[in-house]
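Engineer: Here's a structure for you.
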Amino acid sequence: MVDAVNWEGWTPFFCAISRGNVEIADFLLRAGANLHHTTPSGMYAMHIAAWFAQDDSVAYLLTKRAHLHKENVYGNPPITLCRPGPIKRVM
1 MVDAVNWEGW TPFFCAISRG NVEIADFLLR AGANLHHTTP SGMYAMHIAA
51 WFAQDDSVAY LLTKRAHLHK ENVYGNPPIT LCRPGPIKRV M
């Protein structure tokens, strides 16, 4: 049940990524979590990391080859959800 979803379509992996907890995210991936899960609005883990300004999560997701350029249902790739600063430079 590592990919159970809440009402927004978030998995435990998304929750870990949104808080910058890469140790838990890595544990969940090794336990079978889906790196490429999407929410009903088309959000990938990279969208979540960018939105919550979690630079450790962005860096971790890049090492795992997470989708960087996929758009959500509104046509937004993850970089458009970033605030100005170090995350945009990493992405």
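Residues 1 to 91 in UniProt numbering are what the sequence shown lists, from first letter to last. Quick reminder that beta carbons are idealized off the backbone N, C-alpha and C, glycines included.
Give every residue of the same chain whose Cβ lies closer than 7 Å to the Cβ of Thr39, excluding the five residues on either side of it in the sequence, and list them in chain order.
Structural biologist: For Thr39, where only same-chain residues beyond five positions count, the Cβ hits under 7 Å are Glu8, Gly9, Trp10.
Engineer: With C-beta atoms as the reference, is Met43 less than 8 Å away from Leu61?
Structural biologist: No, they are not a contact pair.
Engineer: Can you check whether the CB of Val2 is closer than 8 Å to the CB of Leu35?
Structural biologist: No, the pair does not count as a contact, with Cβ atoms beyond the cut-off.
Engineer: Out of curiosity, what's the CA-to-CA distance linking Arg30 and Gly75?
Structural biologist: For Arg30 and Gly75, the distance between alpha carbons rounds to 30 Å.
Engineer: For Ser57, count neighbouring Cβ atoms within 10 angstroms of its own Cβ and tell me buried if that reaches 16, exposed if not.
Structural biologist: So Ser57 ends up on the buried side.
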